[in-house]
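Residue numbers (our numbering), protein chains in the order written: chain A, 5 to 340; chain B, 5 to 340.
Just so you know, even glycine gets a beta-carbon here, dropped at the ideal spot from N, CA and C.
This report concerns only the one structure given below.
There are 2 protein chains.
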Amino acid sequence: MTETAPQNGELDVLCVGNAIVDVLSQTDDATIEELGMVKGTMALIDAEQAEALYARMAPGVETSGGSAGNTAAGLASLDARCAFVGRVRDDQLGDIFTHDIRSIGVEYATPAATDGPPTARCLILITPDAQRTMNTFLGASVNLGPEDIDEAQVARAKVTYLEGYLWDRDEAKEAFLAAAGFAAKHDRLVSLSLSDPFCVDRHRDSFRDFVSGHVDVLFANEDEITSLYQVPDFDAALQHVREDCRIAALTRSEKGAVVVSGDEVHVIDAQPVDKVVDTTGAGDQFAAGFLYGLTAGRDLAACARIGGIAAAEVIAHVGPRPRVKLADLVAGKLDG
Amino acid sequence: MTETAPQNGELDVLCVGNAIVDVLSQTDDATIEELGMVKGTMALIDAEQAEALYARMAPGVETSGGSAGNTAAGLASLDARCAFVGRVRDDQLGDIFTHDIRSIGVEYATPAATDGPPTARCLILITPDAQRTMNTFLGASVNLGPEDIDEAQVARAKVTYLEGYLWDRDEAKEAFLAAAGFAAKHDRLVSLSLSDPFCVDRHRDSFRDFVSGHVDVLFANEDEITSLYQVPDFDAALQHVREDCRIAALTRSEKGAVVVSGDEVHVIDAQPVDKVVDTTGAGDQFAAGFLYGLTAGRDLAACARIGGIAAAEVIAHVGPRPRVKLADLVAGKLDG
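Dropping the structure here:
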């Protein structure tokens with residue numbers, strides 16, 4: 005069952021992010037409102053808030069998550085060569101995270117912290133409309149710093165992919181900037197996901213500087229990209245982003261995706277889904293599919309279609325990582 | 005979302021068992037064979053074996069389990085008043101177990117162990133035929149002893165329900181015998197699940213003594229009951245068990261269930277299921293439905309039908325506890 009993770013040789017994608025175990029639990033709209041949460045977004049919480057919220061939650065299911073970790077899992081399921089950098093603690097949830105990502109063949113060597121806060125967890129409330137509302141206790145993932153970024157590993161990867169959530173901690177942001185610096189030095193691509201509209205709000209100026217200065221491939225949804233440029237609609241954002249980075253892949257939920265690259269624009273329909281069960285991980289899997297296509301030399305429209313296929317798989321079940329072999333699914337759907 | 009657990013007053017059922025967090029992961033028949041496992045059964049493993057097996061497993065999903073714990077969850081979902089006794093360690097998996105069982109309104113007061121082995125886990129491999137093969141590291145649950153059984157709590161419960169798996173450890177077995185003793189003293193019913201054919205093999209003589217001497221309501225499947233009496237077929241076992249205990253509820257997977265009580269025999273068809281996904285927890289939920297019916301004063305045929313409805317719900321999804329409110333499901337199916 006276990007595949008051996010590659011320890012050297014070229015990588016398609018190096019994913020850097022928060023190493024998080026998700027706790028998924030069902031709830032209703034009234035509870036989301038009563039708890040003062042904004043549906044569909046991510047809020048940061050501290051240990052005390054995490055404990056209080058957990059006590060109020062219905063029974064949960066625990067599963068490895070984290071935005072870039074989910075993307076790494078999607079890439080592995082597509083048979084891309086992939087590595088992950090992110091920090092857990094040496095505790096039970098850390099063991100779970102480490103087991104899961106290694107067992108799918110993702111290279112993962114960041115040492116577990118031996119003191120400090122426990123492994124990060126994200127308390128995810130799923131409402132009947134399949135939306136997920138996330139509350140993240142960053143825990144040990146805050147220990148990720150620039151010293152965890154290995155220049156040689158970045159140099160081995162065609163793309164270094166960074167989740168915007170890292171921007172929430174100075175140390176992790178430095179890790180992020182170090183990775184981008186090494187990628188540039190070795191003529192490798194840098195990709196960024198904006199992660200969440202509130203995350204963009206918290207860091208708008210520095211995100212804009214980073215996107216225009218360093219990002220080759222940007223992922224964002226409608227809320228995130230309009231927030232980044234503080235424009236009222238998607239089309240206005242599109243005009244901005246095409247100036248700022250080489251490729252922007254913008255997702256619009258059931259309206260599909262738009263990919264812009266200079267003068268090139270592709271509008272791709274969403275993949276049909278019988279029943280949307282849990283949207284956790286949709287953006288992460290879109291990025292996985294897109295980056296798989298890109299590193300395999302596919303054209304941008306095909307990249308977006310593969311992203312759509314991967315996203316459609318993950319929203320049809322509970323949990324943020326693929327349940328089926330995405331490589332088979334894509335082969336069947338794309339060429340069938 | 006949280007309901008308040010009752011702390012006194014009458015209980016319908018007190019469930020005593022191993023407090024276990026399940027790790028569920030998909031695999032194929034070849035791997036089960038290669039690992040030397042017997043499909044559909046439970047094997048006990050030590051910490052080292054647990055680590056080695058976990059390293060070989062595909063990514064998993066963690067969720068609270070344990071046979072009697074699952075039954076308690078089913079009873080709570082049926083709005084029965086219920087308590088659970090079983091031991092975790094004060095670690096992350098222990099927190100998960102404790103959170104989940106309390107959050108559904110089950111009274112749970114066994115203190116977590118502060119030293120010794122970690123919280124028990126069961127590594128469950130699900131094959132494409134929906135069968136589950138279980139490997140249990142008993143961990144902290146071995147710390148359960150007779151001192152954890154509260155006579156007053158047993159006296160409050162109409163039925164004290166014991167999982168046969170406890171028989172694997174002397175201390176836990178003593179807890180089990182203490183509970184049965186208190187129940188008898190207070191004119192309360194004792195119920196036992198035989199749990200697993202190999203568990204019966206390991207303890208046949210003492211199980212037979214206990215069943216004939218103390219058990220009012222026995223749960224077993226075909227393999228377990230034929231193993232208990234060492235007879236070649238189900239009908240022969242039926243003749244034995246009707247002499248031994250007041251009520252025996254015998255499950256036969258897709259062939260439904262047979263309930264015997266003295267001269268009374270009821271044959272109940274299985275509930276139809278669109279697609280069997282994971283049989284983990286089927287027997288536990290049958291017991292929950294049956295005991296709910298019994299403590300609500302339903303006749304034996306109705307008890308078995310409710311058991312069948314609860315079992316059908318749990319095998320249609322991954323995970324050993326109900327995903328929907330069983331009280332609503334039963335109201336719709338039984339009286340509709």
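In terms of Cα proximity to residue 83(A), the closest of 198(A), 323(A), 103(A) and 314(A) is 314(A).
Residue 284(B) sits close to residue 128(B), with the two beta carbons spaced by under 8 Å. Going by beta carbons, residue 187(B) and residue 150(B) fall outside the 8 Å limit. By the Cβ neighbour-count rule, residue 318(B) is buried, with 16 or more other Cβ atoms within 10 Å of its own. DSSP places residue 30(A) within a strand segment (E or B) once states are collapsed to three.
58, 59, 60, 61, 62, 63, 64, 65, 66, 67 and 68: these are the residues of the region 41–75 of chain A whose beta carbon lies less than 8 Å from some beta carbon of chain B, given in chain order.
Closest in alpha carbon position to residue 68(B), among 255(B), 51(B), 97(B) and 57(B), is 97(B). Between residue 304(B) and residue 265(B) a beta carbon distance of about 6 Å is seen, short of the 8 Å cut, so the two are scored as contacting. Each residue's CA atom was taken as its position, placing residue 214(B) and residue 164(B) some 14 Å apart. Residue 91(B) is outside the set of residues whose beta carbon lies under 8 Å from a beta carbon in chain A. Residue environment analysis places residue 259(B) among the exposed positions, since fewer than 16 neighbouring C-beta atoms fall within 10 angstroms of its C-beta. DSSP links residue 68(B) through a beta bridge to 25(B). If you draw a straight line from the Cα of residue 114(B) to the Cα of residue 160(B), it is about 16 Å long. Annotated as distal: residue 112(B) and residue 134(B), with beta-carbon spacing of 8 Å or more. Residue 126(A) places its beta carbon 8 Å or farther from that of residue 147(A). Excluding the 5 residues flanking it on each side, residue 306(A) has same chain C-beta neighbours closer than 6 Å at 297, in chain order. Going by beta carbons, residue 27(B) and residue 100(B) fall outside the 8 Å limit. Residue-level contact check: residue 120(A) does not touch chain B, since none of the beta carbons of chain B fall below 8 Å from its beta carbon.
Residue 229(B) sits close to residue 254(B), with the two beta carbons spaced by under 8 Å. The criterion of a C-beta distance shorter than 8 Å is satisfied by residue 199(B) and residue 167(B).
Cβ atoms of residue 131(B) and residue 49(B) stay farther apart than 8 Å, at about 18 Å. Residue 47(B): member of the beta strand (DSSP E) spanning 46–48, first to last residue. In the DSSP assignment, residue 226(A) falls within the unbroken alpha helix (DSSP H) covering 226–233.
Here the alpha carbons of residue 322(A) and residue 51(B) stand approximately 30 Å from one another. For residue 309(A), no CB of chain B lies under 8 Å from its own CB, so it is not counted at the interface with that chain.
For the set 331(B), 102(B), 189(B) and 172(B), the Cα lying nearest the Cα of residue 206(B) is the one of 172(B). In this structure, DSSP gives residue 139(A) an extended state, which the three-state scheme calls strand.
The beta-bridge partner set that DSSP reports for residue 20(B) consists of 89(B) and 166(B).
Close to residue 325(B), with beta-carbon spacing below 8 Å, are these residues of chain A in chain order: 63.
If one requires a minimum length of 3 residues, the beta strand (DSSP E) runs lying completely within the region 231–306 of chain A are 251–255, 261–265 and 268–272, in chain order. Contact annotation: in the region 93–105 of chain B, residues whose CB is within less than 7 Å of a CB in chain A are 95, 96, 97, 100, 103 and 104. Going by DSSP, residue 124(A) is part of the beta strand (DSSP E) stretching over 124–130. Between residue 197(B) and residue 291(B), the C-beta spacing is below 8 Å. For residue 145(A), no alpha helix (DSSP H) segment is defined, and its DSSP state is neither H nor E.
Using a Cβ distance threshold of 8 Å, residue 66(A) and residue 66(B) count as a contacting pair. In the three-state DSSP reduction, residue 204(B) falls in the helix class (H, G or I).
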